[in-house]
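**Q** Residue numbers (my numbering), protein chains in the order written: chain B, 7 to 99; chain L, 10 to 171; chain F, 348 to 461; chain P, 8 to 130; chain A, 93 to 639; chain G, 119 to 1079. Glycine included, each C-beta is placed from N, C-alpha and C at the ideal position. Only a predicted model underlies this, so the values are computations on that prediction, with no experimental measurement involved.
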Ligand code: NA
Ligand code: NA
């Protein structure tokens, strides 16, 4: 019973997050402006991170944790660099 | 003491993080302590100024308020997206707020709060004038938002960061 | 899952090959990056696909190897990731330098004459 | 999923709710990302995922793993804090970048840049 | 306490590694010191390599074997990585060290000051080469290939400048693509066989299921293509002339052996995996190697004739040599026999040394047309922003008397050796290959005739091409005699001395190569040795790992 | 034994002389000549000492082991034939040395001349004496090579260069053919021993490869002895100093070819093929040479063609191959050497003393140099075959052989007529030589006032002419025995002694001689005027000169055709090369796998998870998006690439590879930053490039799209087949079983990386280090394109857009993240051995921490606060890793043997301690160093370009001021 419940919830969650990733990537591809694409990528990062956690739950191990942690702490570095490039035309001045 | 532990709060936080990650044990407490110290030195190389916090009570109150606000805004924004912008009646816009807050760390905390709360976006802060430019998802009244920022968050932050 | 992954490898590889054959250095570098994704996934898939059984062993006790993902392809991919990271960086710098000395970002260091 | 067989309902139910809520919020956020018309509106969308989307899912994870491992599992907290602290950096810079670019193009939508300080004011 | 004999096999990798790493800790401006350290390392390498060669020759490895095994990390095959030092790899090690010393001496004339960390990169190149020669593991081969390639990228770009960067871009792009191919091949082979150990693979080939064999072959083909790119096979070799020409002289001199690493690996792997004992896979790829090899010789000789400058010509000579060796490899795979392979090895050594010498001669010979001055102009874009001591005129040194005579003699020596004209080693190598091919009963006469024709025509083309250059440079050129430093010409003379020595000691050299070829024909002994290599007992108790 | 060793001395002496003379100072004319002459005289002494043995029919052999494995040994062999030949070579060599001493001018670098000359003599003697046919090829080619140097001695003149090159190319080509022939002979006979080969004539002639061997052999011999149609190099070689011509074209170089023909006659000769090929060629050469010689105006040119003609004569004799013919051939070899050497020397004297060799300018010299004139006249008479001179005798013998019946073929039957015909011309050109040069009116406006040369320059000529006379009058006493010895050595001991008399009665040969003389005289007298005013060469035919054909052919074969072909079969563009690589991979891979790549019957599959499929929809979309946009929207492509990367990373995690996921992510972040750093330096790309819309560009794209599509499909199919295949037993299982027990870590991937296969990691970090250094080194010398030096557009606009302190608030957070990231790095490092993480991930994390600070502030700000010395980090990292590996030596373990154990610590308890962790620490340090080095090196370019801007601005400011 609880397993079914959890199965349903997690399956939905995986699907929803994957769908969210699709939508985010639509922004990446569609644009129209560069900032939209960066926003899409940033969202994609977060979505994938959540997908790690959910998949970890589903499989029942915590080994997805490190990957989620790395996205959580370091994922923004890529988008920050991209954003700074937009503003300044270079990443490091 | 300040030379050995330039950022005691931070080091403490990092030790907590270490223990959260690795699980509590004496060995990890020692190792984490050492690493937290080293990390503190690293920060002090970048930023010699120490962070001073006052009134932990105000801090906690802030956390509570923000947590609640975030939940509320989550629901509100989700609803707006679902209802297709209240059938087109939603209006978003820019709001300028004059801040008294000058401490960069306090501003950083404020930025976190504003950003973490769905519906408000931090766009620009002018350190000369102290004017903050926000973008608000559902702009009913500009003044409401200015009050919200000034009274609800800034006041408490001024208490915490002298 | 196997079908999805193999198709994914195919798409990555096709995009990579297409870019690899383009005339601009940036295209080539992106192509190499995509190709290295494809190749890394390919190497990885040589250990076959296993869900939820990373090669993290219990401390002691009997170990049933079939219950875990094959660790060797994983370690090969790790090495390959590092090396392709390094070479991408190198290629990038050569690309920058080439642009600097030749004034163009064409892979041949000069625009094609038509 | 076999490992969840023994999960008591009081753990499973909130966990399931949290997971569904979190993922749905995230999905809604990205839906906004796609449907909203202006960039500044879209800037709000992902915060659904980074705030309660993340929080709910992490809470569920803490709940479930806390029960299965029989102890307080808090390390998801770290992720939560990281996400919360780092997201503003990206969004602030992105918002600033959009503002800057729009101003550069002379867009009427965005407010004027703050006036330049007079040179004399500079130390 | 440390049994140096035991660790001798890893030394050719470790010596340059430690030297290169250590030099990173010193300021790069201490160039003389670095040069001395680098030379010391190369000399030590030579000593070690020769010792390994002697051991291989005199069956002085553990257990009275002619092959030494080294279980890295003390893990037995096929799980750990094993190094194998047999006659062939020892020979390649010696060759590498022998090329390194002259190239380093040459660099003292000023090349090592044309950029940063030349000496470290040079050492890492040696490490990569030696590692590739010693390894007995497919993936480790990839890793060391990458080491040597990375170092070659660095050295090729050493000194910067438009020519180098343009060439470097192509070189890197193509090699990256080839490396990816290599990875696909290796992983495919692992997927089919479940192992990366070459000896293990050699054992398994004959018994592969028929459904798996095509996949295994495909893996081999992908890997083979990657090596063929490196070996400079036509039509995957167009990058090579530009690259070799662009490299600084001492670098180009080392590049002479770079194509041979590809050849070495193909030889090693085909003999292990597709030798006569490989069941249904026996002889796999021999047709391809022969066809590609011959096409490469043909292309190389066209290139030699079509070249206007010595650099381009030298690069095409490299192609001829590669093509010849691949053809020989293919013929050996098709049953050409040990003597043919021995002839090929002799040819390999001779042509590598000669091309290396030629690459070192290139710059002094074209000095009147620019030489170092032109090189400086090439890199003049570095002026103004960097430490001034990085650049500047070539180091003052002892200019040699009778410059043109010495240069001419050296050039003549290279010409003789490369064109395979008597009496130098090139001729002996050619005779060895041709007489063995003629004497082999298993080869189709058509193949043998084509080989003879191709080799003789290639020799002729080399003669015609080099004579043209020689006449232009030494006879037709007017103007002042260039200033050539002793440190520039001494390495060339040393390399030619090696050729001379090889000529005089041809018998012993050839005997050595015959036994090396014979060993390559017996992969079962190789693999048995790898599997029987004993773990070191050590002096520590077994580790306790359980909590 | 002494005799045998003397043989070695014989070969060595000239080479020693070469070395000795080479070391002399540039102007040591006398010393060089003395040294050379004495060494050669030494050779003559040796020959004298050995004569008796040879005369007794003995054969001296001395073998030195060289390459027994190839049956190639330095074997020297002296018999009657070679004795005669070597004596000839040496004796004339001595005379040439004396002559050259006076011929060469003060400004010529003589040591080089003598050195080459001596080396050449040595090579020639070596060739003659070789008892191993491969070694014979060695010396044969040596003569070609050294003659190149001798002919090109006066390399300042283009004619000398061309002549030398032509001679070398023709003769070396022949040499290669000869090599092939010798190799085949060795195969057929089973030995390269000359004696064995000569004794195996029947086997050779019966072998199916005989025609091939013969063809190759004759090509070698004919090219060397300038047989038609390979004769053209010889006149070209006349650009050499006269002593060289006199030597090369009388006794040595060209005689090597005919020597070979005579020598190998027992092995290869006696067949109809031999007769036709050799005699036919010889006769053709005889006639062509004689005809052309008559029409040459250059003295040396006339002599050159005369030489060709005489070589044809000898060749024809070798082709006939009867006992008499062989004897005659040997005799004529000697005779021709003697009179031709003297003639060349005489021509040299004339040239030397008058300054010209043009017969149209020379005239009436007899009155100025009667002695030389007399000598030349006698020698010419010998050349023309006038009785009482040596030339007459051998020519008579030739006529006799020509007239004799051999095999009745048409060639055999026409020999007498052809021989007579050629002789007519020989008489005519000899006459022309004498008449034009020495008689007639006194010469006008010669470059020099003619007079007799210094006596010592004439001595060699006198001696040679004396020999002509003595041999011509007393053949039986002088040369007879030696000739017979020689012929016996060639044909076998059963050959009867042949008496050489000057009078054989009034027979056919004599008639032929008389006819030739009469007709020849008539020919000269009748056409003298027209010849001297005619072109350089025979009428009509002079247009069709072999040398021109040769030059045309050489140019085509060695230059224009190869160039064209090479261009057709190569490219210097990158794209075709990569396309070829891809295409070849597909073709070859396809060929191997075609029809053999069936998916497994019982495929191993995991149930499809729609979320995973959706994620790859994202991944594929991003990949294609990146491919689509990489040209015009690099920034967008970069972001798409990030999308594809993150899905790849998810895939690793999904299929149980957490380490890969972490590493991929980290690398992804750094790569994005790197590429962004690079983007700044690329040129703007306009969407509208007209060229891109053109049809060829479109076709190129379609083709590449097809290639890419096929490539993708193939690799997908391959991956699918492999993934669904049952897992084979593999070494991975062993790692899983032993990781904890043997490696002391539960994260098998990490244990593999730092223990089981640490050696791979060891190499991998070296790669990283090298790349870091390369990036650093390259960027140190980087100069950006001028348009990139300017500030990016964004920053130029900053002032008016109020982009002040935009980083103020974000930078606070970013700074505070620095220590957090350090802790994360430590976390990843510490747990690596047991759980996902490890030195590499930790290192990259650390590098990202630094990167973030650079992004938050700027280079100067950061570097004023923290000093990263990346190269030190790298050095220490490498050393730590390497020394940890070496540390195991102390315990008698191989390199990189790890040791893991649990250690009890007070308060803390048992903690794992593995040396692999130290190794991993090295990895960490290296990765930090290398990554930071790369990032910072690129970042510093902006600083540098700022400085460049300042530099550029300075002069402008000065101008303004
Ligand atoms: Na917000
Ligand atoms: Na790891």
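Going by DSSP, what residues sit across from residue 131/L in a beta bridge?
**A** Start at 1 with the first residue of the second chain, and residue 131/L comes out as number 122. Bridge partners of residue 131/L: 143/L.
**Q** Go ahead and pull the three-state DSSP assignment for residue 615/G.
**A** For the purposes of this step, residue 615/G is taken as the residue at position 497 of the sixth chain. Note: residue 615/G maps to coil in three-state DSSP.
**Q** Please list the partners that residue 99/P has in chain G, where partner means a Cβ-to-Cβ separation under 8 angstroms.
**A** Walking along the fourth chain from the start, residue 99/P turns up at place 92. Those within 8 angstroms of residue 99/P in chain G are 927, 928.
**Q** In the DSSP output, which residue or residues are listed as bridge partners for residue 1020/G?
**A** If you number the sixth chain from 1, residue 1020/G lands on position 902. 1030/G, per the DSSP bridge assignment.
**Q** What residues in its chain sit with their C-beta under 6 angstroms from that of residue 530/G, if we drop five residues either side in the sequence?
**A** Working through the sixth chain from its first residue, we reach residue 530/G at position 412. Hits under 6 angstroms: 524.
**Q** Using 10 angstroms around the beta-carbon of residue 94/B, count the other beta-carbons present and answer buried if the total reaches 16, otherwise exposed.
**A** What you label residue 94/B is simply residue 88 of the first chain in a count that begins at 1. With 16 or more Cβ atoms within 10 Å of its Cβ, residue 94/B is classed as buried.
**Q** Is there at least one Cβ from chain B nearer than 8 angstroms to residue 1035/G's Cβ?
**A** Here residue 1035/G is taken as the residue at index 917 of the sixth chain, counted from 1. Not one chain B Cβ lies under 8 angstroms of residue 1035/G.
**Q** Going by other Cβ atoms of all chains shown within 10 Å of its Cβ, with 16 needed for buried, is residue 476/A buried or exposed?
**A** Start at 1 with the first residue of the fifth chain, and residue 476/A comes out as number 384. Caution applies to residue 476/A, whose pLDDT of 34 falls short of 50 and renders its modelled position unreliable; the value that the coordinates give is listed next. Per the 10 Å Cβ criterion, exposed.
**Q** When the Cα of residue 513/A is compared with those of 404/G, 298/G, 579/G, which residue comes out closest?
**A** Against the fifth chain, residue 513/A aligns to sequence position 421. A check of alpha carbon separations from residue 513/A across 404/G, 298/G, 579/G identifies 298/G as the nearest.
**Q** Only counting the same chain, and skipping five residues up and downstream in sequence, which positions put a Cβ closer than 6 angstroms to that of residue 307/G?
**A** Taking the sixth chain and counting its residues from 1, the one referred to as residue 307/G is at position 189. Leaving aside the five residues that flank residue 307/G on each side, the residues in its chain whose CB is nearer than 6 angstroms to its CB run, in chain order, 314, 315, 318.
**Q** If we require 3 or more residues per run, which beta strand (DSSP E) segments fall completely within the segment 390 to 416 of chain G?
**A** DSSP assignment within the segment 390 to 416 of chain G yields no whole beta strand (DSSP E) run of 3 residues or more.
**Q** Let me know the secondary structure DSSP gives residue 275/G once reduced to three states.
**A** For the purposes of this step, residue 275/G is taken as residue 157 along the sixth chain, with counting starting at 1. When secondary structure is reduced to three states using DSSP, residue 275/G falls in the coil class, being assigned neither helix nor strand.
**Q** So, are the CB atoms of residue 180/A and residue 349/A less than 8 angstroms apart?
**A** Residue 180/A sits at position 88 when you count from the first residue of the fifth chain. Residue 349/A sits at position 257 when you count from the first residue of the fifth chain. Not closer than 8 angstroms, so no.
**Q** For residue 966/G, would you say it is in contact with chain L, using Cβ-to-Cβ distances shorter than 8 angstroms as the test?
**A** If you number the sixth chain from 1, residue 966/G lands on position 848. No - not a single Cβ of chain L is within 8 angstroms of the one on residue 966/G.
**Q** Note down, one range per segment and in chain order, each beta strand (DSSP E) of at least 3 residues found wholly within the segment 711 to 741 of chain G.
**A** none
**Q** Which residues in the same chain as residue 1063/G place their Cβ atom closer than 8 angstroms to its Cβ, once the five residues preceding and following it in sequence are excluded?
**A** The sequence position of residue 1063/G within the sixth chain is 945, counting from 1. The residues are 902, 906, 907.
**Q** Can you check whether the C-beta of residue 379/F is within less than 8 angstroms of a C-beta belonging to chain G?
**A** Reading the third chain from its first residue, position 32 is the one you call residue 379/F. So no, residue 379/F is outside the interface.
**Q** State yes or no: is the C-beta of residue 355/A within less than 8 angstroms of the C-beta of residue 699/G?
**A** As a position in the fifth chain, residue 355/A is number 263, starting the count at 1. As a position in the sixth chain, residue 699/G is number 581, starting the count at 1. Against a cut-off of 8 angstroms, the Cβ pair of residue 699/G and residue 355/A comes out as no contact.
**Q** Check whether the Cβ atoms of residue 464/G and residue 490/G lie closer than 8 angstroms to each other.
**A** On the sixth chain, residue 464/G is found 346 positions in, with the first residue counted as 1. On the sixth chain, residue 490/G is found 372 positions in, with the first residue counted as 1. Closer than 8 angstroms, so yes.
**Q** Per the contact definition of three or more C-beta pairs closer than 8 angstroms, is the segment 79 to 90 of chain B in contact with the segment 29 to 36 of chain B?
**A** no
**Q** Taking only three categories from DSSP, how would you classify residue 404/F?
**A** Start at 1 with the first residue of the third chain, and residue 404/F comes out as number 57. Note: residue 404/F maps to coil in three-state DSSP.
**Q** Any beta carbon from chain P within less than 8 angstroms of residue 35/B's own beta carbon?
**A** Residue 35/B sits at position 29 when you count from the first residue of the first chain. No, because no Cβ of chain P sits closer than 8 angstroms to the Cβ of residue 35/B.
**Q** Please list, in chain order, the residues of the segment 38 to 52 of chain P that have any C-beta partner in chain L closer than 8 angstroms.
**A** 38, 39, 42, 43, 45, 47, 48, 50, 51, 52
**Q** According to the neighbour-count rule (16 or more other Cβ atoms, all chains shown, within 10 Å of its Cβ), is residue 284/G buried or exposed?
**A** Start at 1 with the first residue of the sixth chain, and residue 284/G comes out as number 166. Counting Cβ neighbours within 10 Å, residue 284/G comes out buried, since at least 16 surround it.
**Q** Would you call the CB atoms of residue 353/F and residue 715/G closer than 8 angstroms?
**A** Taking the third chain and counting its residues from 1, the one referred to as residue 353/F is at position 6. Taking the sixth chain and counting its residues from 1, the one referred to as residue 715/G is at position 597. Residue 715/G is positioned such that its CB atom lies no closer than 8 angstroms to that of residue 353/F.
**Q** With 8 angstroms as the threshold, decide whether the Cβ of residue 878/G is near any Cβ in chain F.
**A** Numbered from 1 along the sixth chain, position 760 holds the residue referred to as residue 878/G. Yes, because at least one Cβ of chain F sits closer than 8 angstroms to the Cβ of residue 878/G.
**Q** Once the 5 residues before and after residue 971/G are set aside, which same chain residues still bring their CB inside 8 angstroms of it?
**A** Here residue 971/G is taken as the residue at index 853 of the sixth chain, counted from 1. Around residue 971/G, the same chain offers 932, 933, 936, 980, 984 as residues with beta carbons nearer than 8 angstroms, after the five sequence neighbours per side are excluded.
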